[in-house]
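Here the sequence shown is numbered in the numbering used here, starting from 1 and rising by one per residue.
For glycine and all other residues, C-beta sits at the position ideal for the given N, C-alpha and C.
If you're wondering where the values come from, they're calculated on a predicted model, not measured in any experiment.
These notes concern the structure reproduced below.
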Amino acid sequence: MPEFRSDVRPLLPLWAAVLASIAGGFALDLAFPDVAWWPAAFVAVVLALVSLIGRRTGSAVVVGFAFAAPFFLMNQVFTARYLGPVPWLALSLFEAAVTAVLTIPLALAYRWLPRILPSLWSRLIALPPLVAGLWCVRELVVGTWPYGGYPWGRVGITQTNGPFAEVASWVGVTGLGFLVVAFCAALIEYVRAARFRDVRTAIPAVALVLLLAVAPQFPTAVAGTLRVGSVQGNGPTGYFDRPPANAVLNAQLEASVPLFGEQMDVLLWPEGGLDSDPQRNPGTAAALDAVAERVDAPLIVNAPATARDGLYFNTSILWAAGQGAVATYDKRHPVPFGEYVPDRWFYRLFAPDLIDLIQREYTAGTAAPIFDVDGVGVGLAICFDVIYDEVIWAGA
């Protein structure tokens with residue numbers, strides 16, 4: 001294969017790269033629920049990478065921000081429904097800024113690898129996994145820092161409704177995202193090479209798409225069955241609700257009545273399904289006992305505020321009639337600025353009224369996220385927990 005120019009020039013002028021990046025950011029959001037159009041993730045990644053090729057540090061940050069800002073603004077819009085526009089804008093633009101800075105290594109990879117390995121095969125074989133690895137490192141940083149990060153924006157999550165979802169059972173969400181980005185990068189290099197008559201140049205992209213397409217689900221053994229009842233009472237649990245006493249509990253009780261007489265092994269109530277801690281409130285405990293007796297099965301319930309030793313926890317409880325709390329699990333990842341305020345003194349300088357709405361400081365739990373229900377292990381994840389891989393693995 002012939003050597004290529006070591007000076008990689010931008011494929012697009014800056015203005016076009018910014019527009020392409022903005023389009024890519026919106027496209028990536030379309031791949032997430034609630035639209036969940038998984039092919040849009042491939043379009044988004046291609047637009048993001050094409051916009052970066054040949055960029056220097058400054059323009060890479062601009063292009064990275066142009067991609068990340070519309071994505072996070074759309075992807076995190078749900079936060080505005082509960083906390084208003086200021087936290088939504090602050091969180092979205094902060095995550096976009098972090099993503100933009102972490103775009104620099106991607107741009108440097110496109111500029112420097114052809115100089116170090118100036119051959120077509122280096123671009124076809126070495127560049128895609130390098131770019132995919134740097135993309136995933138960026139996702140991991142954004143997903144862990146600061147305050148536990150925001151891991152909802154990973155590319156791998158976009159494939160939950162697509163034909164490649166089973167790959168995640170082997171390599172996890174990050175691994176699936178790596179393969180998606182690597183395929184997009186390989187496809188770009190195949191087109192850039194413009195050697196369409198040489199079928200060998202298509203091998204990396206074809207190999208990656210075949211790996212995505214043919215990987216079966218990780219094999220598991222059926223260990224038995226568990227009949228589960230579940231309810232979702234329409235209780236007033238919003239941040240700004242001021243419900244009367246036991247309004248949330250009564251909503252779950254009402255929703256449970258149609259299940260009385262049904263055969264089940266366990267009954268699930270939703271997160272925040274209790275107004276008070278049944279371990280401290282005899283009235284709530286009596287209500288749970290009554291339901292457990294009527295369905296002849298234990299309950300898994302959630303008390304969003306339990307207090308122990310002066311600390312607050314968001315707690316799921318396995319409750320059995322006549323026995324009370326058989327087991328408990330405290331949420332491992334309380335929501336920053338939702339269930340606690342990190343560096344409260346600092347943020348209160350800017351929005352004291354908003355920060356003061358969050359009066360409790362929840363503590364992260366340490367217990368294993370699993371309940372033993374009559375010999376069957378039931379994995380747990382409360383709200384924000386579901387996006388953290390280590391919680392899911394611990395409960396698997």
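For residue i versus residue j, is the C-beta spacing smaller than 8 Å?
i, j, result
"leucine 299", "alanine 292", "yes"
"phenylalanine 42", "cysteine 184", "yes"
"leucine 360", "tyrosine 312", "Residue identity differs from the one stated: residue 360 is arginine in this sequence, not leucine. Yes, these two residues count as a Cβ contact at 8 Å."
"leucine 49", "isoleucine 188", "yes"
"alanine 367", "proline 334", "no"
"phenylalanine 71", "glycine 143", "no"
"leucine 12", "alanine 20", "yes"
"phenylalanine 260", "valine 295", "yes"
"alanine 327", "phenylalanine 371", "yes"
"aspartate 96", "alanine 69", "Reading off the sequence, residue 96 comes out as alanine, not aspartate. Yes, these two residues count as a Cβ contact at 8 Å."
"valine 173", "glycine 156", "yes"
"leucine 249", "aspartate 277", "no"
"proline 114", "valine 18", "no"
"glycine 224", "valine 376", "yes"
"tyrosine 55", "alanine 107", "Residue identity differs from the one stated: residue 55 is arginine in this sequence, not tyrosine. For arginine 55 and alanine 107, yes; Cβs fall inside 8 Å."
"valine 341", "isoleucine 317", "no"
"alanine 215", "proline 204", "no"
"alanine 100", "valine 61", "yes"
"alanine 182", "alanine 132", "yes"
"proline 163", "alanine 213", "yes"
"alanine 247", "glycine 235", "yes"
"serine 51", "valine 35", "no"
"leucine 267", "alanine 307", "no"
"serine 59", "leucine 14", "yes"
Would you mind sorting residue i into buried or exposed? The rule is 16 or more other CB atoms within 10 Å of its CB.
i, result
"tryptophan 269", "buried"
"asparagine 302", "buried"
"glutamate 3", "Any answer about glutamate 3 is weak, because its pLDDT of 47 lies below 50 and its placement is not dependable; what the coordinates show is given next. Exposed."
"glutamate 139", "buried"
"aspartate 29", "buried"
"glutamate 254", "exposed"
"glutamine 263", "exposed"
"threonine 103", "buried"
"threonine 158", "buried"
"isoleucine 382", "buried"
"asparagine 75", "buried"
"arginine 197", "exposed"
"valine 46", "buried"
"phenylalanine 167", "The question names phenylalanine, but residue 167 in the sequence shown is valine. Buried."
"proline 369", "buried"
"arginine 111", "buried"
"leucine 130", "buried"
"leucine 380", "buried"
"glycine 272", "buried"
"phenylalanine 65", "buried"
Identify which residue in the options has its Cα closest to the Cα of residue i.
i, options, result
"arginine 344", "Tyr147, Phe94, Ser51", "Tyr147"
"alanine 290", "Ala36, Thr225, Ser256", "Ser256"
"threonine 284", "Ala251, Met264, Ala107", "Ala251"
"alanine 165", "Ala297, Gly310, Trp38", "Trp38"
"leucine 91", "Val101, Thr79, Leu102", "Thr79"
"proline 87", "Leu130, Val378, Pro352", "Pro352"
"serine 122", "Gly64, Leu89, Arg192, Gly58", "Arg192"
"tryptophan 319", "Leu208, Tyr340, Pro216, Asp265", "Asp265"
"proline 258", "Thr220, Pro282, Asp198, Gly233", "Gly233"
"phenylalanine 218", "Val171, Ser59, Val131, Pro282", "Val171"
"leucine 208", "Ala66, Ala221, Met74, Tyr190", "Tyr190"
"phenylalanine 67", "Gly84, Ala44, Leu117, Pro244", "Ala44"
"threonine 160", "Ala40, Val228, Trp112", "Ala40"
"glutamate 339", "Gln323, Thr315, Ala321", "Thr315"
"arginine 195", "Leu124, Pro128, Ile116, Pro33", "Leu124"
"arginine 154", "Pro33, Tyr347, Leu210, Ala245", "Pro33"
"leucine 73", "Gly84, Val63, Leu93, Phe65", "Leu93"
"glycine 398", "Phe337, Tyr362, Leu288", "Residue coverage of the chain in this structure runs from 1 to 396, which leaves residue 398 outside it and unanswerable."
"arginine 332", "Arg227, Phe65, Asp356, Gly395", "Gly395"
"phenylalanine 337", "Ile355, Gly322, Pro282", "Ile355"
"glycine 322", "Gly149, Leu117, Gln279", "Gln279"
"phenylalanine 53", "Pro10, Pro118, Ala287, Gly84", "Reading the sequence as shown, one finds isoleucine at residue 53 and not phenylalanine. Comparing Cα positions, the closest option is Pro10."
"tryptophan 145", "Ser169, Leu117, Val98, Pro128", "Val98"
"isoleucine 387", "Gly149, Phe65, Val77, Leu89", "Gly149"
"aspartate 389", "Leu89, Val378, Leu211, Ser169", "Ser169"
"alanine 245", "Val77, Pro105, Phe65, Asn281", "Asn281"
Checklist entry - Unbroken alpha helix (DSSP H) runs of length 4 or more, entirely within the stretch 125 to 170: which are they? => result 127 to 142
Checklist entry - Between the stretch 170 to 182 and the stretch 122 to 141, do three or more beta carbon pairs fall short of 8 Å? => result yes
Item to check | Contiguous beta strand (DSSP E) assignments of at least 3 residues, all confined to the stretch 267 to 310 | outcome: 299 to 308
Next on the checklist: Restricting to runs no shorter than 3 residues, where is the beta strand (DSSP E) found entirely within the stretch 189 to 249?
Outcome noted: 228 to 230
Next on the checklist: Going residue by residue through the stretch 314 to 386, where are the continuous alpha helix (DSSP H) segments of at least 4 residues, counting only ones entirely within it?
Outcome noted: 344 to 348, 352 to 356
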